[in-house]
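All the letters of the sequence shown, read from the start, carry residue numbers 28 to 173 under our numbering. Glycine included, C-beta positions come from ideal geometry on N, C-alpha and C. Working notes, beginning with the structure itself.
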Amino acid sequence: KGLRKLIAKFEPKAIKKKKENEELSENSGFRTFLIETGYQAGQHELLAEHLSKVVVKEIQNKSVEFHKTVKDNSKHANKEKEKMETSYFTLKKVKLKYQKTFPYWKDSERNYEIADQDGTISRNEILKMKHQTQAKLKQFEDSKAA
28 KGLRKLIAKF EPKAIKKKKE NEELSENSGF RTFLIETGYQ AGQHELLAEH LSKVVVKEIQ
88 NKSVEFHKTV KDNSKHANKE KEKMETSYFT LKKVKLKYQK TFPYWKDSER NYEIADQDGT
148 ISRNEILKMK HQTQAKLKQF EDSKAA
């Protein structure tokens, strides 16, 4: 807009029609230069106006896309955090079960070995203790595998 005002300000006064052919080449060249500059200023204005609309629209679209991506990533992070907390809880639960079954199995194994070496307990009782020890071992192994 500023360039158009400048062109309008410096444009030579209109010459009478009779003397139009007699215009000095200097004035004619300057007039042609101003007309071309006016055309370029108009093209520049149109281009600037168009680009300002297009660039703003693209920035808005990118902003919406970015916010959507951030929101999706935030949801995904929360889901993964919940999964991790659930896994830790399960791990603690299994660890406690493992820690509980280990001493029972050791006690059962020790009692079986003592009874087997002692000889004062009947074979049926020793066999029961052996089965009980094997059951405790199975519980222990299952808690270890979980």
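Terminal residues of the continuous alpha helix (DSSP H) containing residue i?
i	result
THR59	52 to 145
Count the other C-beta atoms from every protein chain shown that fall within 10 angstroms of the C-beta of residue i, then say buried if there are 16 or more, exposed otherwise.
i	result
THR59	exposed
MET156	buried
THR128	buried
SER79	exposed
State yes or no: is the beta carbon of residue i nearer than 8 Å to at least one beta carbon in chain B?
i	result
LYS95	Considering every chain present, this structure includes no chain B. It has just one protein chain.
Taking 8 Å as the limit between beta carbons, can you name the residues of its chain near residue i, skipping five residues before and five after?
i	result
GLU136	THR160, LYS163, LEU164
ALA142	ILE148, GLU152, ILE153, MET156
Go through its chain and collect everything with a Cβ distance to residue i's Cβ below 7 Å, but skip five positions before and after it.
i	result
ASN138	MET156
LYS43	Its pLDDT being 47, under 50, LYS43 is placed unreliably in this model, and the value from its coordinates should be taken loosely. So no residue of the chain qualifies.
LYS45	Since pLDDT at LYS45 reaches only 46, below the 50 mark, its modelled position is unreliable, and the value read off the structure follows with that caveat. The answer is none, since no qualifying residue turns up.
Report the CB separation of residue i from residue j in whole angstroms; it is logged as a contact under 8 Å.
i	j	result
PHE93	TRP132	About 57 Å; that fails the 8 Å criterion.
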